[in-house]
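Novice:
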Amino acid sequence: MTVAVSVENLSVVYDDFRALDAASVQVEAGESFGLVGESGSGKSTLLRAIAGLAPVSEGTIRVQGRELRGARRDKAFYRAVQMVFQDPYGSLHPRQTIDRQLMEPLAIHGISDGERRILKALDEVGLGSGFRFRYPHQLSGGQRQRVAVARALILEPSILLLDEPTSALDASVQAEVLNLLEQVRRDRKLTFVMVSHDLGVVTHMCDRLAVMQEGRVVERLTSADLVAGRIAEDYTRNLMVASKGFRRVAETA
Amino acid sequence: MSLATETRPLTRREWLLSDRPQSRLQARLGRAYMTWRRFSANRLAVVGLLILLGLCFVAAFADLLAPHSPVIGNLAGARLLSPGSEGYLLGTDDQGRDILSRLIHGSRLTLAVVVLVAVIAAPVGLIVGAVAGYAGGWIDAILMRITDIFLAFPKLVLALAFVAALGPGIENAVIAIAITSWPPYARIARAETLTLRNSDYIAAVRLMGASPARIVFRHVIPMCMSSLIVRVTLDMAGIILTAAGLGFLGLGAQPPLPEWGAMIASGRRFILDQWWVATMPGIAILIVSLGFNLLGDGLRDALDPRESGQ
Amino acid sequence: MSALLTVEDLRVSFPTRTGVVEAVRGVSFTLGRERLGIVGESGSGKSQTGRAIMGLTPLHAQVTAKTLAFDGIDLLSAPPKLRRDLRGKRIAMILQDPKYSLNPVMSIGRQIVETLRRHEKISRAEARRRALDMLAAVQIRDPARVFDLYPHEVSGGMGQRAMIAMMLVAGPELLIADEPTSALDVTVQLEVLSILDKLVAERGMGLIFVSHDLRLVSSFCDRVLVMYAGRIVEEIAASDLANARHPYTQGLLNCMPVIGADRHPLPVLDRKPEWAL
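Residue numbers (the working numbering), protein chains in the order written: chain A, 1 to 253; chain B, 1001 to 1310; chain C, 2001 to 2277.
So this is what it looks like as structure tokens:
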């Protein structure tokens, strides 16, 4: 198997705050890889650093074998790697129709069959052409997230970075979006790198995962290990217990 | 709802307000119509718009509307006639020129000043602010320090200095006003850009591989437009007053041009005995300034960016 | 069980440009000294139900009910002064994000003292002592230090504990918690919940727990109301949740990805229009 994304000893420093501290992960081509942690663990920063949206101070990032320097990325990178953001209300331009937002990446990359690609992308995410000329405020949260997925897929990337793609959505809508993501992954043989604070979502979506805490990777394990409780670190165990929900402590006395 | 709208043809209104537009044009028109509905709900704003449309109309047909020549007066028989005199509705000035005709022709100058300043100052401020805000770092520092230098001088004093250097005249007055009025726009545009810069939708466009120029011009600037339009409209009254002020000081339009500020200046000599000579252009300035302010207020409500949030 | 709160046919509607939007459409329930969960997705009217009881509905909205009585007091006809006195003293509310619900320019301790002194005539020293006790009761390790901190100086979990302390210091009989832990990390969530649980049990308060998370609510409450489109579609004992009858409740339970359950694709909710009737 080839390596799709390889991150070695990556550090990201904002002013005095070390958001990411020598973190390393390896994502194989075609797999779905999860990054789990609580707020401030650096999981989203890692994703943004890969995308060139965070200032890297040390370490190397390789995507499909090519090393990326600084925050500069070339057009080939953007055709290979795309991202879906957490907040469907913030990730679509409020003054542009869906059509215009889907057209933009095609215009940037000089792709001519825009008409066909837009209709295909909308169809693929289950929206249909009726949504094409709407503005984001005319859509629900789940529909917006579908548009965001369509926008990420329209350049036909092979790696999709997912930053908590469903945490802002209702549970029933989350299920729909997760199913959609699984389906496009199957259809297009995509590599996923997915960030989430929800162990349920990550074990559902990913084969392997890395648990992060305070900018560091504390444990790497497979979803199967996690489910079976083959956990090495206390922190991971804590997360696991917490995600099972509230337990009333038995009255002792 | 669905059945009813499917079986009978849509009225034009329903077509505009449709939740599911079928074409780019329909989406755009629908949006414009919603903006218009919010704008027209404000009566005073519509009054402001009507005043300005009136100004444009008068300026366009000045030759037909003006009963007399604005520059050639009747020195022999019609000096300093009071308003309501035979053939001179608003009276005449010291050179026997019809004040109404001068006001009508002066509207062209006022409109020209306003349009030229808006066309020069607003884009400059917008681009400087958006570029500074988006680029950050030393580009931001340099552009904003330049802006600060301009902001540090009182507007009229700086304009006076420019006109004094460039020489008096309406063109130079316009240039001077434009030079002194862009910095506040740059500040506004920069502040808006700073809040947009870290938003996810700008990050998404960056991830498509868009160049910084494309991001600034196609994605950031359209978001700054509405607050800028409102601000420029509200500033128009000030610009008219500055132009009039320069005219009044003899540094703007030169005689015999019927510029309103210059008219007040020349009328001030007779203000006690022939009050109308200075008052009539003053009222014209007042009405047009009021029109711009009312329009600006209405636009603030109509173009409120929050409207598109939910 | 004596009813602490009686709600009958509660309706909350908002006039908008396009017509009246009914957020809550005829909700009825009674609450004793128990833990009641109200669950629903966004737009189900769950939060507006809590706010209407608290009297925090926006001014332009209309609230009507056949009965909305707290301990025999008709809340809708109560004079504003009485309502203000009830609020904080006998009915309290915890909101989702402490960042927005604590006053940023007042220290945490002073906010608690203010709350207390508004409702009870006690000396400053006495109020301070009770505030410190309350901070200790929400398991803040160093109450004297936290007393002088400002809201931005504490973490989300600490802020929410301070919020709980502030709300419970006057000894309310009814607590409305609107998504009290949704803004917190999972591990912190549980701590805050167990503190809340302990205090509610010790003081014998009535609790209304509003949340989108059906599993969390059912593990925390005695009884659960499931809301959909402004109405209660199902009322069920928390222990009996597995036997929920309404397809919406079942759908909500099923659509969550669960660790260890290998379901691809996840079952999705097929919303039937008749649920909203």
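Glycine included, each C-beta is placed from N, C-alpha and C at the ideal position. Bear in mind the structure is a predicted one, so any value in this text is a computation, not a measurement.
So, is the C-beta of R2161 of chain C closer than 9 Å to a C-beta in chain A?
Specialist: Answer no: the Cβ-Cβ gap between R2161 of chain C and chain A never drops below 9 Å.
Novice: Please name the residue or residues paired with P2015 of chain C in a DSSP beta bridge.
Specialist: C:V2020, per the DSSP bridge assignment.
Novice: Does DSSP put T60 of chain A in a helix, a strand or coil?
Specialist: Residue state, collapsed to three classes: strand.
Novice: Is V1071 of chain B helix, strand or coil when you go by DSSP?
Specialist: Reduced to three states, the DSSP call for V1071 of chain B is coil.
Novice: Per DSSP, what kind of secondary structure is L2190 of chain C in: helix, strand or coil?
Specialist: L2190 of chain C falls in the helix class under three-state DSSP.
Novice: If the criterion is Cβ atoms closer than 9 Å, does the pair G126 of chain A and Y89 of chain A meet it?
Specialist: Cβ atoms of G126 of chain A and Y89 of chain A: not closer than 9 Å.
Novice: Is I1170 of chain B closer than 9 Å to Q1254 of chain B when the C-beta atoms are compared?
Specialist: Yes, Cβ-Cβ distance for Q1254 of chain B and I1170 of chain B is below 9 Å.
Novice: Of all Cβ atoms in chain C, is any one closer than 9 Å to the Cβ of L199 of chain A?
Specialist: Chain C contact via Cβ: present.
Novice: List, in order along the chain, the chain B residues whose C-beta lies closer than 7 Å to that of P105 of chain A?
Specialist: What P105 of chain A touches in chain B: M1208.
Novice: Anything in chain A within Cβ reach of Q2189 of chain C, meaning under 9 Å, just list it in chain order.
Specialist: Near Q2189 of chain C (Cβ distances below 9 Å), the residues of chain A are A242, F246.
Novice: Only counting runs of 4 or more residues, tell me where the alpha helix (DSSP H) segments fall wholly within the segment 78–117 of chain A, in order along the chain.
Specialist: The segment 78–117 of chain A contains these whole alpha helix (DSSP H) runs: 98–108.
Novice: Checking 9 Å against the spacing of the C-beta atoms, do V36 of chain A and S158 of chain A come in under that value?
Specialist: In this structure, S158 of chain A does not lie closer than 9 Å to V36 of chain A by Cβ.
Novice: Between the segment 2180–2197 of chain C and the segment 2049–2067 of chain C, do three or more beta carbon pairs fall short of 8 Å?
Specialist: In short, these stretches do not touch, since the Cβ pair count stays below three.
Novice: Specify, as a first and last residue, the run of the alpha helix (DSSP H) that M2205 of chain C falls within.
Specialist: Per DSSP, M2205 of chain C belongs to no alpha helix (DSSP H) and is neither H nor E.
Novice: Within this structure, are the beta carbons of R2051 of chain C and E2173 of chain C separated by less than 9 Å?
Specialist: No, they are not a contact pair.
Novice: For the beta strand (DSSP E) that contains A1130 of chain B, what are its first and last residues?
Specialist: No beta strand (DSSP E) holds A1130 of chain B; the alpha helix (DSSP H) holding it covers 1099–1135.
Novice: So, at 7 Å on beta carbons, what are the nonlocal neighbours of S1101 of chain B in its own chain, with the 5 sequence-adjacent residues on each side left out?
Specialist: So the qualifying residues of the chain are A1066, P1067, H1068, S1069, P1070.
Novice: Could one say the Cβ of G2206 of chain C lies closer than 9 Å to chain A's Cβ atoms, at least one of them?
Specialist: By this cut-off, G2206 of chain C is not an interface position.
Novice: Note down, in chain order, each residue of its chain lying with its Cβ closer than 6 Å to the Cβ of R79 of chain A, except the 5 sequence neighbours on either side.
Specialist: Contacts found: L155.
Novice: Please list, in chain order, all residues of the same chain as C2255 of chain C whose beta carbon is under 8 Å from its beta carbon, the five residues on each side excluded.
Specialist: Hits under 8 Å: L2266, P2267, V2268, L2269.
Novice: Taking DSSP as the reference, what is the three-state secondary structure of I2073 of chain C?
Specialist: I2073 of chain C falls in the strand class under three-state DSSP.
Novice: Would you kindly check if the distance between the Cβ of V2027 of chain C and the Cβ of T2006 of chain C is under 9 Å?
Specialist: Their beta carbons are not under 9 Å apart, which means T2006 of chain C does not touch V2027 of chain C by this criterion.
Novice: Give the DSSP-derived three-state secondary structure of K187 of chain A in the structure shown.
Specialist: The sequence given here places Asp at residue 187 of chain A; Lys does not occur at that position. If DSSP states are grouped into helix, strand and coil, D187 of chain A belongs with the helices.
Novice: Is A54 of chain A helix, strand or coil by DSSP?
Specialist: Coil, per DSSP.
Novice: Below 8 Å on the Cβ atoms is my guess for L2168 of chain C versus R2035 of chain C; work out the distance and round it to an integer in Å.
Specialist: Contact doesn't hold; Cβ gap of about 15 Å is too wide.
Novice: Compare the C-beta of D1140 of chain B against all C-beta atoms of chain A and say whether one is closer than 9 Å.
Specialist: With 9 Å as the cut-off, D1140 of chain B does not count as an interface residue toward chain A.
Novice: What do you get for A224 of chain A, buried or exposed, if any count of 16 or more other CB atoms within 10 angstroms of its CB means buried?
Specialist: So A224 of chain A counts as exposed.
Novice: So V227 of chain A contacts chain C; which residues on that side make the cut at Cβ distance below 8 Å?
Specialist: Within 8 Å Cβ-Cβ: I2259, G2260.
Novice: Would DSSP call D2178 of chain C helix, strand or coil?
Specialist: Looking at D2178 of chain C - three-state DSSP - the assignment turns out to be strand.
Novice: Do the segment 1193–1205 of chain B and the segment 1215–1235 of chain B touch if we need at least three Cβ pairs shorter than 8 Å?
Specialist: Yes: at least three Cβ pairs fall under 8 Å.
Novice: Name the residues in the segment 148–159 of chain A whose C-beta lies less than 8 Å from a C-beta of chain B; which are they?
Specialist: The residues in question are A148, R151, L155.
Novice: Would the beta-carbon of A2170 of chain C fall within 9 Å of that of L2214 of chain C?
Specialist: No.
Novice: Go ahead and label L1010 of chain B buried or exposed: buried means 16 or more other beta carbons lie within 10 angstroms of its beta carbon, across all protein chains shown.
Specialist: L1010 of chain B comes out exposed.
Novice: Which same chain residues, not among the five before or five after A1121 of chain B, have their C-beta less than 6 Å away from its C-beta?
Specialist: Correct list, in chain order: A1178, S1181, W1182.
Novice: Which term fits V5 of chain A, buried or exposed, when burial requires 16 or more other beta carbons within 10 angstroms of its beta carbon?
Specialist: The residue is buried, with at least 16 neighbouring Cβ atoms inside 10 Å.
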